[in-house]
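In the working numbering, the protein residues as written are 1350 to 1460.
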């Protein structure tokens, strides 16, 4: 909205699903890539470590020491998620700096 890609942001709200579907279609069909191929912004190592430590604490609180899977198993699963970029999101500023995306968003029938 800030970049003026939509003349009337309020008009787009009811069509949020259509906007999402349109973007998914562009990524998967037009560009023939996955979202992981787009510029990504991931959590820092510090934030990942805090997230993991919080997960360990919550697991112990919710399941108790006996029902807890153990730090090593949790760390392995957590690292797999990190490797699969599950703690990343599309870098919106990079997308909006791309002229083809600007044109797509301007031309999309979103209102």
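Where a beta carbon is used, it is the ideal one built from N, C-alpha and C, also for glycine.
Since this is a predicted model, take the numbers as computed values, not measurements.
Contacting residues, own chain, Cβ-Cβ under 8 Å from residue 1447 (five flanking each side not counted): Counting from one through the chain shown, the residue named residue 1447 turns up at place 98. Excluding sequence neighbours, residue 1447 sits near nothing in its chain.
Counterpart residues of residue 1439 in DSSP-defined beta bridges: Taking the first residue of the chain shown as position 1, residue 1439 is located at position 90. Here residue 1439 is bridged, per DSSP, to 1389.
Cβ distance (whole Å) where residue 1438 is taken to contact residue 1390 below 8 Å: One-based indexing of the chain shown puts residue 1438 at position 89. One-based indexing of the chain shown puts residue 1390 at position 41. Separation of the CB atoms of residue 1438 and residue 1390 is rounded to 6 Å, and the pair is thereby assigned contact status at 8 Å.
Through-space distance from residue 1453 to residue 1374, alpha-carbon basis: Taking the first residue of the chain shown as position 1, residue 1374 is located at position 25. Taking the first residue of the chain shown as position 1, residue 1453 is located at position 104. Going from the Cα of residue 1374 to the Cα of residue 1453 covers about 11 Å.
Enclosing alpha helix (DSSP H) for residue 1419 [first to last residue]: Mapped onto the chain shown, residue 1419 falls at position 70. Looking at the DSSP string, residue 1419 is not in any alpha helix (DSSP H), and its letter there is neither H nor E.
Three-state secondary structure (DSSP) of residue 1430: As a working mapping, residue 1430 is identified with position 81 in the chain shown. Residue 1430: helix per DSSP, three-state reduction.
CB of residue 1401 within 9 Å of CB of residue 1384, strictly: The residue given as residue 1401 occupies position 52 in the chain shown. The residue given as residue 1384 occupies position 35 in the chain shown. No.
Length of the line joining the Cα atoms of residue 1378 and residue 1421: As a working mapping, residue 1378 is identified with position 29 in the chain shown. As a working mapping, residue 1421 is identified with position 72 in the chain shown. In a straight line, the C-alpha of residue 1378 is about 40 Å away from that of residue 1421.
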